[in-house]
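A quick write-up on the structure given underneath.
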């Protein structure tokens, strides 16, 4: 009787250990292509970027910058910067819904740069495919 109880306990321990390892393994494996994101905290708009080179290959760690001006007479400023992931993707969230001037996003990779203008009052959820080429 005692031996059967011990076998059941061992079996239950083994099942719990396998279940625990399966759960831990599933939660710790991160998707390598998670999109880096930065939140401006000023509004509900967002802008998604995909940065590629002249051969249509994604560029890793391209820096995208934007200066948010908001508040009374646009006196408050927030400078946001995000780098692209291995798929060339990056995201800005919390952009102002009604900026006084369109936002200018400056995309830079090495010595190559480009500027993209976005008016979030007309295009609140913008998606941009940017190609950086050396001229």
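Residue numbers (my numbering): 168 to 302. Using N, Cα and C, we set each Cβ at its ideal position, and we do this for glycine too. Every value quoted in this text rests on a predicted model; they were computed, and no experiment measured them.
> For residue 216, does the three-state DSSP call read helix, strand or coil?
Replying inline: Taking the chain shown and counting its residues from 1, the one referred to as residue 216 is at position 49. In the structure shown, the three-state DSSP call for residue 216 is strand.
> When the distance is taken between beta carbons, is residue 212 closer than 7 Å to residue 287?
Replying inline: Here the question's residue 287 lines up with position 120 in the chain shown. Here the question's residue 212 lines up with position 45 in the chain shown. Yes, the Cβ-Cβ distance between residue 287 and residue 212 is below 7 Å.
>> With a threshold of 6 Å on Cβ separation, who are the neighbours of residue 275 within its own chain once the five nearest residues in sequence on each side are excluded?
In response: Along the chain shown, read from residue 1 onward, the residue named residue 275 stands at position 108. Cβ neighbours of residue 275 beyond the five flanking positions: 230.
>> Assuming residue 231 is part of the beta strand (DSSP E), what are its boundary residues?
In response: Translated into positions along the chain shown, residue 231 becomes position 64. Per DSSP, residue 231 belongs to the beta strand (DSSP E) from 230-237.
> Quick one: what's got a C-beta closer than 7 Å to residue 195's C-beta in the same chain, skipping five residues either side?
Replying inline: Along the chain shown, read from residue 1 onward, the residue named residue 195 stands at position 28. Bear in mind that a pLDDT of 47 at residue 195, under 50, signals an unreliable position, so the model cannot answer this.
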